[in-house]
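Reading through the structure tokens given below for one structure.
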Amino acid sequence: MIRTAVFGAAGYIGGEVLRLLLGHPETEVTAAVSSRFPGKRVDSVHPNLRSATDLTFCDAEQVPECDVVLLATPHRSAMALVRQWASRTELLIDLSGDFRLKDADAYKHYYGVAHEAPELLDSFVPGIPELHRDELRTARLISVPGCMATAGLLALRPPAACGLIASRVLVDGRTGSSGSGATAGEGNLHAERSGAMRVFAPVAHRHEAEIAQHTGLDVRMTATGVEAVRGVQVVCHTELAPGADHRAVRAAYREAYADEPFIRMVAHKRGVYRYPEPKILLGSNFCDIGHAADEGSDRLVVIAALDNLVKGGAGNAVQCLNVRMGWPESYGLSFPGLHPM
Amino acid sequence: MTTATQTCPECDGALTIDDSVRMSEVLECPGCRSELEVVATAPLLLALAPEVEEDWGE
């Protein structure tokens, strides 16, 4: 069994990492690190893990030797942990925003602070199996992208790589409240959050930089919090390149994703769920992608949906771990989602 | 029973169809879920069946 340690284990992403690793046939969790709850039982914070583990949270100083470290800590704190653990473990997977952008100036622009370990930015392999599978097989440092970024870049990369997109892309991202993290705040009060359709980032959301980095496109993003706990949906508006059509877009997706275990093309002519919707993806590692073109015009709309805590975070990290270790990519990730939900 | 592979006229996805299919039979494409009508059997030819649109916004 591979020994894993999870930092930031009391957060929502950390809890999902624990859930997936505890159900994984090849991993054991040797440490669940929390600065807020040392000594407290893990299942007192993550009640869904009752009977799955008797672990208690520990301090960072109490972490035993392990094979894999996963950082589910907030950005900025991950930088220090990477320095501390990079040389002490076979593999480190960072789920924070600290090592997603390759450009330190872009990091400062989007995160508002200078990067403290810019020399390490190029050492991280992007945690995107669909784009970087071969590099992940030998990676020692992996950076998992943001939730809306994952949906956006997976949706836009195939048509972008085939030169089918002519212009700037406007990404309209919608997210559930768990994307705000497990820390209390006025904006997370039920009275303030319930029923909201809150545009919290009309311009310059951090994830637009990640989508641009991985697609080469000019991306602008707006993010809105909606009435949901989990789930992300991005609706991307753009224009087809001259000579491109809907059929070429479809062929680009087929070529890119035909063998991907966690990408499903969804653009159905019938049924209730005709286009990607997070509602039926909750708990699963799938990213559903669909597209529509306005016949007779150059308008292209691309839609993607996923569970922000799974394919948008913890599940993607476990998929990367599976790739790195040479295990089947579906290990620990076979849950198909629920319906009705 | 033998089968033939046809291409969906809507999404270009592959459909496997057995040779007992009849004229006017309606099949569903597994890729885009379009309903496809058999408009000829020798050779086999599929066309989009008429559909009823949904609209939640009006």
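Quick mapping for you: the protein sequence lines, in order, are chains A and B.
Take 1 as the starting number for the first sequence in this note's numbering and just add one per residue.
Take 1 as the starting number for the second sequence in this note's numbering and just add one per residue.
Beta carbons: idealized from backbone N, C-alpha and C, even for Gly.
Exercise. Per DSSP, E28 (chain A) is paired with what?
Worked result: A:R3
For this session: Pull out every residue of the region 26-39 of chain B whose Cβ sits closer than 9 Å to any Cβ of chain A, in chain order.
Result: E28, C29, G31, C32, R33, S34, E35
Problem set entry | V171 (chain A) - DSSP class collapsed to helix/strand/coil | strand
Exercise. Any beta-carbon of chain A closer than 8 Å to the one on C11 (chain B)?
Worked result: yes
Problem set entry | Residues of its chain near D59 (chain A), where Cβ-Cβ distance is below 6 Å and the 5 sequence neighbours each way are ignored | P38
For this session: Say whether the region 187-195 of chain A touches the region 241-254 of chain A, bearing in mind that this needs 3 or more beta-carbon pairs closer than 8 Å, one atom from each stretch.
Result: no
Problem set entry | Proximal chain B residues relative to R247 (chain A), where beta-carbon distance stays under 8 Å | D12
Problem set entry | Sequence-distant residues of its chain with Cβ nearer than 7 Å to G127 (chain A) (five each side left out) | I93, I142, S143, V144, P145, N316, A317, C320
For this session: Kindly indicate which three-state DSSP category A104 (chain A) falls into: helix, strand or coil?
Result: helix
Problem set entry | Nearest-angstrom Cα separation, counted from R220 (chain A) out to A155 (chain A) | 15 Å
Exercise. Mind pulling the beta strand (DSSP E) runs of 3 or more residues that sit fully within the region 109-191 of chain A?
Worked result: 141-143, 169-175
Problem set entry | Proximity test, Cβ basis, 8 Å: K279 (chain A) and chain C | Of the protein chains in this structure, namely A and B, none is chain C.
Exercise. Any idea if Q6 (chain B) is buried or exposed, counting beta-carbon neighbours within 10 angstroms, 16 or more meaning buried?
Worked result: buried
For this session: With a 10 Å radius around its C-beta and 16 neighbouring C-beta atoms as the bar for buried, classify M1 (chain A) as buried or exposed.
Result: exposed
Problem set entry | T175 (chain A) beta carbon less than 8 Å from that of M148 (chain A) | yes
For this session: Locate the alpha helix (DSSP H) running through M325 (chain A), then write down its first and last residues.
Result: 315-325
Exercise. Does the pairing of the region 198-209 of chain A with the region 265-274 of chain A give three or more beta-carbon distances under 8 Å?
Worked result: no
For this session: Give a single yes or no on whether T5 (chain B) has its beta carbon closer than 7 Å to a heavy atom of the ligand COA.
Result: For the structure depicted, the ligand COA is absent and the ligand set is empty, with no information on it obtainable.
Exercise. Among A:L217, A:R254, A:V229, which one has its Cα closest to the Cα of A241 (chain A)?
Worked result: A:L217
Exercise. Just how far apart, CA to CA, sit N48 (chain A) and D54 (chain A)?
Worked result: 13 Å
Exercise. Name the chain B residues whose beta carbon is nearer than 8 Å to that of R270 (chain A)?
Worked result: E28, R33, S34, E35, E51
Problem set entry | E16 (chain A): first and last residue of the uninterrupted beta strand (DSSP E) it sits in | No beta strand (DSSP E) holds E16 (chain A); the alpha helix (DSSP H) holding it covers 12-22.
Exercise. CA-CA distance, E119 (chain A) and R3 (chain A)?
Worked result: 28 Å
Problem set entry | Contact list for A267 (chain A) against chain B, beta-carbon separation under 7 Å | C32
For this session: Mind listing, in chain order, the continuous alpha helix (DSSP H) runs of no fewer than 4 residues lying wholly within the region 205-240 of chain A?
Result: 206-215
Exercise. Measuring CA to CA, which of B:A49, B:G31, B:L48, B:T2 is closest to V21 (chain B)?
Worked result: B:T2
Exercise. Expressed to the nearest angstrom, what Euclidean distance is found between the alpha-carbon atoms of R133 (chain A) and I13 (chain A)?
Worked result: 23 Å
Exercise. Is it the case that the Cβ atoms of A267 (chain A) and H291 (chain A) are separated by a distance below 8 Å?
Worked result: yes
For this session: Find the residues of chain B that neighbour R250 (chain A), judging by a C-beta separation of less than 7 Å, and give them in chain order.
Result: C11, D12
Problem set entry | For V169 (chain A), the nearest candidate out of A:E116, A:V235, A:P74 (CA to CA) | A:V235
Exercise. Under the three-state reduction of DSSP, which class applies to E10 (chain B): helix, strand or coil?
Worked result: coil
Exercise. What's the gap between the Cα of A52 (chain A) and the Cα of R264 (chain A)?
Worked result: 30 Å
Problem set entry | Proximity winner among B:V39, B:L48, B:L44, relative to T128 (chain B) (alpha-carbon distances) | The shown model of chain B, from 1 to 58, leaves out residue 128 (chain B), and the question about it has no answer.
Exercise. What three-state label does DSSP hand L351 (chain A) in the structure shown?
Worked result: Absent from the model: residue 351 (chain A). The displayed extent of chain A is 1 to 341, so no value can be given.
Exercise. For D43 (chain A), does the three-state DSSP call read helix, strand or coil?
Worked result: helix
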